[in-house]
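Here the structure is laid out as structure tokens; the discussion comes afterwards.
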Amino acid sequence: MTAERPSAGERAAQGKAVRKEVPLDAHAEVGASGSRDPIGLLLGQAEGRVPELVPIRHGRMLVSPFTFYRGAALVMASDLAQTPATGLPVQLCGDAHLSNFGAYASPERRLVFDINDFDETQPGPFEWDVKRLATSFVVAGRDNGFDPKQCRKAARTAVRAYRKSMRAFAGQSILAVWYARLDVQDTVAQYKATLSRADLKRQKSLVRTTESTLAKAYSRDNLQAVGKLTKSVDGRRRIVSNPPLIVPIVELDGVDGIDTADVFAELGKLFVDYRATLQSDRGHLLDHFQLTDVAHKVVGVGSVGTRAWVLLLESTVADEALLLQAKQAGPSVLSAYAGPSAYANHGERVVSGQRLMQATSDIFLGWLHAAAPGEDYYLRQLRDWKMSTEIAELRPQGLDLYARLCGWTLARAHARSGDRFAIAAYLGKSARFDHAVADFAETYADLNEGDHAALAVAVKSGTVEARTGL
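For the sequence shown, the residue numbers in the UniProt record's numbering are 1 to 470.
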């Protein structure tokens, strides 16, 4: 017989009780101490990464405070661990900055907007994701040359959207929460319908940019990726070499003991394990393809140096190809501060967190463990109607609108995995939490600028090696 679960009212009362222990205003505290060592933390992450690629990571982080912030999830996790914690757990994204949201195709072939990076996902206090998201809007706004009021407004908008959406989800059934998703086409149509003719004229640039971005997203599918990243060589399709960003496996033959024949033989065995992590119907679909080429790929900012592979699969009976990405999964940056993962395989950790937080996930999302190098991986399609917002091109109004979308999306993800009644009751109806986190975001953005400057000094002194322009 299972124990009786607390009612919605009892869970809301628990949330209000937490507010007495951790007042909403307390979330303005940054908590960073004078003993911080952000550069030391970054250098420590080089362990286990491809040594030749680590300088590229540092070079990408060096570009601006915003690119530094994108790669400094571990640094912020260390700082967040020093802040007042509610103890209200959810499945955290772990790296919920604004560039880790975007649109992709659902299995039903609709373009949906959601969180799209889960390398650091792990359970933890809900406010950690909210603070990383809010701070990213201040950092990005400054990078775009916005004034302080505009940057703060975007951060506060994201937090307000999160708070109000969480309260709305607390009033819905769990099934309604589970089915909730942000359909991009529907959302754009609804937004345009609320605008007067004068508003449409004033926002002509924003509307035009949105429609152009949508059109581009629909073209960024598997077919486009195959056409861009592969070519015919002696009548056989092969992945195009673009070192050091993309290096086909044949060019790595003999490097660090790599034997191409052995790699393909091992991958054949690993694909059996990977297939077992898919739904049975999707495994059946995968059976229509066979692996024909592999290449190493450099991805992202913070992920540079971890092993990522592009896998070319071709139909066994037709001229049809599929590109998958296999990305190495290591321990979450949160593990040292929120506790160890419940999963022995970090690829499974990523996939399980992603499936829990996203409204819908890629049909080929799965995981495997490569025993020889002792590495965990998760796999997905390389590209399927992929759409990411060009943050640098946003004006203040566009950044504010984007903040609302991200705030709603994060609240929906947390409502799926956490206690939406307790969190909603804790946040309350007032804007105190919004302002407190906005204060935090501004202060932490200052701290981030100092960390970025420290990296520049370390590179100039030769303490840190950086390779720029890649």
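Think of the CB as a built atom: it goes at the ideal place given N, C-alpha and C, for glycine as much as any other residue.
Please read all numbers here as calculations on a predicted model, not as lab measurements.
query	result
For Asn242, count the other beta carbons within 10 Å of its own beta carbon; 16 or more makes it buried, fewer makes it exposed. Which is it?	exposed
Do the stretch 131–148 and the stretch 90–102 touch if we need at least three Cβ pairs shorter than 8 angstroms?	yes
Hey, would you say Glu375 sits closer than 7 angstroms to Gln328, going by beta carbons?	yes
Can you name, in chain order, every residue of its own chain whose Cβ lies under 6 angstroms from the Cβ of Ser461, other than the five neighbours on each side?	none
Three or more C-beta pairs under 8 angstroms: does that hold for the stretch 397–411 against the stretch 154–170?	yes
Just tell me which of Val464, His452, Thr463, Val457 has its CA closest to the CA of Val63.	His452
Counting only runs that start and end within the stretch 17–49, where is the beta strand (DSSP E) found for 3 or more residues in a row?	none
Kindly indicate which residue of Phe118, Asp234, His58, Gly469 has the alpha-carbon position closest to the one of Val457.	His58
Name the residue from Gly171, Arg152, Asp221, Pro244 whose alpha carbon lies nearest to the alpha carbon of Pro107.	Asp221
Could you check where the beta strand (DSSP E) with Val112 kicks off and where it finishes?	111–115
To which residues does DSSP link Trp408 through a beta bridge?	Trp408 pairs with nothing; no bridge assigned.
With burial defined as no fewer than 16 other Cβ atoms inside 10 Å of the residue's Cβ, what is the status of Ser316: buried or exposed?	In the sequence under discussion, the amino acid at residue 316 is Thr, which differs from the Ser named in the question. Counting Cβ neighbours within 10 Å, Thr316 comes out exposed, since fewer than 16 surround it.
Mapping the DSSP letters down to three states, classify Arg181 as helix, strand or coil.	coil
So, is Ile115 buried or exposed, given that buried needs 16 or more other C-beta atoms within 10 angstroms?	buried
Ala295 and Pro248: beta carbons closer than 7 angstroms?	yes
Give me the residue from Arg11, Arg420, Leu24, Pro65 with the minimum Cα distance to Asp446.	Pro65
Starting from Ile239 and walking both ways along the beta strand (DSSP E), at which residues does that stretch end?	236–239
Whose C-alpha, out of Asp293, Val333, Asp95, is nearest the C-alpha of Leu322?	Asp293
Can you give me the start and stop residues for the alpha helix (DSSP H) that Arg420 sits inside?	420–427
Kindly indicate which residue of Arg416, Lys216, Phe364, Pro38 has the alpha-carbon position closest to the one of Leu455.	Pro38
Please state whether DSSP places Asn242 in a helix, a strand or coil.	strand
When you compare only the Cα positions, how much space is there between Val299 and Ser361?	20 angstroms
For the beta strand (DSSP E) that contains Phe101, what are its first and last residues?	101–105
Classify Leu368 as helix, strand or coil using the three-state DSSP reduction.	strand
Quick check on Gln172: does DSSP put it in helix, strand or coil?	coil
Val240 and Val184 look like a contact to me (Cβ under 8 angstroms); what is the Cβ gap, rounded to whole Å?	Not confirmed; about 30 angstroms, so no contact.
Cβ atoms of Phe169 and Arg420: under 7 angstroms apart, would you say?	yes
Where do the N-terminal and C-terminal ends of the beta strand (DSSP E) with residue 473 fall, by residue?	Absent from the structure is residue 473, since the part of the chain shown begins at 1 and ends at 470.
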